[in-house]
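In our numbering, the protein residues as written are 42 to 213.
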């Protein structure tokens with residue numbers, strides 16, 4: 042248990058120093074599973090992001106999938122903590138990934154072994170409907186939600202981060 046929540050499994054990492062100014066995580070955790078769903082790779086984030094992910098899994102991802110394929114078995118993590126600029130562009134601001142406040146999700150593996158992935162299924166049948174529902178329900182738990190219709194950088198995954206803006210959540 043990490044972040045004071047038994048539904049969030051992993052280990053406490055502590056401070057992760059950044060290699061460039063503006064990067065780093067004060068109280069990092071390395072997630073293994075959230076709300077009973079494994080992560081495809083251990084994800085280093087802060088507790089605010091871990092708790093937002095748990096909320097999304099419980100109120101967004103699981104309801105969108107339902108019992109199809111036996112339910113969700115694994116979240117396909119595309120990215121987590123990485124000390125870099127936004128979209129890895131020279132001169133850009135530090136990404137929320139560089140602060141431990143973001144996680145990218147490429148899809149979900151079902152218990153029967155089938156996959157739902159953003160790149161191939163966004164516009165296809167029940168998988169597409171489930172993905173669009175997952176995307177919409179991330180708005181709120183996360184401050185920024187980007188998907189295939191946001192820009193070319195997000196055509197194959199969802200970007201979720203906990204940055205908050207005066208104008209409210211930013212969901213595209």
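Cβ atoms here follow ideal geometry from the backbone N, Cα and C, with glycine treated the same way.
Could you compute how far the alpha carbon of residue i sits from the alpha carbon of residue j?
i, j, result
"residue 47", "residue 144", "20 angstroms"
"residue 160", "residue 132", "28 angstroms"
"residue 59", "residue 123", "9 angstroms"
"residue 75", "residue 62", "30 angstroms"
"residue 210", "residue 201", "11 angstroms"
"residue 157", "residue 105", "11 angstroms"
"residue 66", "residue 205", "17 angstroms"
"residue 151", "residue 115", "7 angstroms"
"residue 96", "residue 108", "19 angstroms"
"residue 166", "residue 173", "11 angstroms"
"residue 175", "residue 163", "11 angstroms"
"residue 196", "residue 134", "21 angstroms"
"residue 130", "residue 89", "26 angstroms"
"residue 111", "residue 186", "27 angstroms"
"residue 192", "residue 120", "17 angstroms"
Among residues of its own chain, excluding the 5 on either side of residue i, which ones have a beta-carbon nearer than 7 angstroms to its beta-carbon?
i, result
"residue 125", "136, 138, 139"
"residue 190", "213"
"residue 171", "105, 106, 157"
"residue 54", "69, 70, 71, 85"
Please classify residue i as buried or exposed, where buried requires at least 16 other C-beta atoms within 10 Å of its C-beta.
i, result
"residue 102", "buried"
"residue 188", "buried"
"residue 207", "exposed"
"residue 142", "buried"
Throw me the rounded Cβ distance for the residue i and residue j pair, which I believe falls under 8 angstroms.
i, j, result
"residue 181", "residue 203", "Not really, about 11 angstroms apart at Cβ, beyond 8 angstroms."
"residue 198", "residue 146", "6 angstroms"
"residue 86", "residue 70", "7 angstroms"
"residue 128", "residue 194", "5 angstroms"
"residue 168", "residue 100", "Not really, about 19 angstroms apart at Cβ, beyond 8 angstroms."
"residue 49", "residue 91", "5 angstroms"
Suppose the cutoff is 6 angstroms on Cβ atoms and the five residues either side in sequence are ignored; what does the same chain contact list for residue i look like?
i, result
"residue 93", "182, 183, 203"
"residue 118", "80, 81, 82, 84"
"residue 155", "110"
"residue 45", "none"
Below 8 angstroms CB to CB, which residues in the same chain sit around residue i once its five sequence neighbours on both sides are set aside?
i, result
"residue 52", "43, 70, 71, 73"
"residue 57", "65, 66, 69, 85, 122, 141"
Exercise for review: Please go through the segment 98–163 and give each complete alpha helix (DSSP H) segment of 4 or more residues, from N-terminal end onward.
Suggested key: 103–106, 159–162
Point to revise | 4-residue-minimum alpha helix (DSSP H) runs that sit fully inside the segment 48–93, ordered along the chain | key: none
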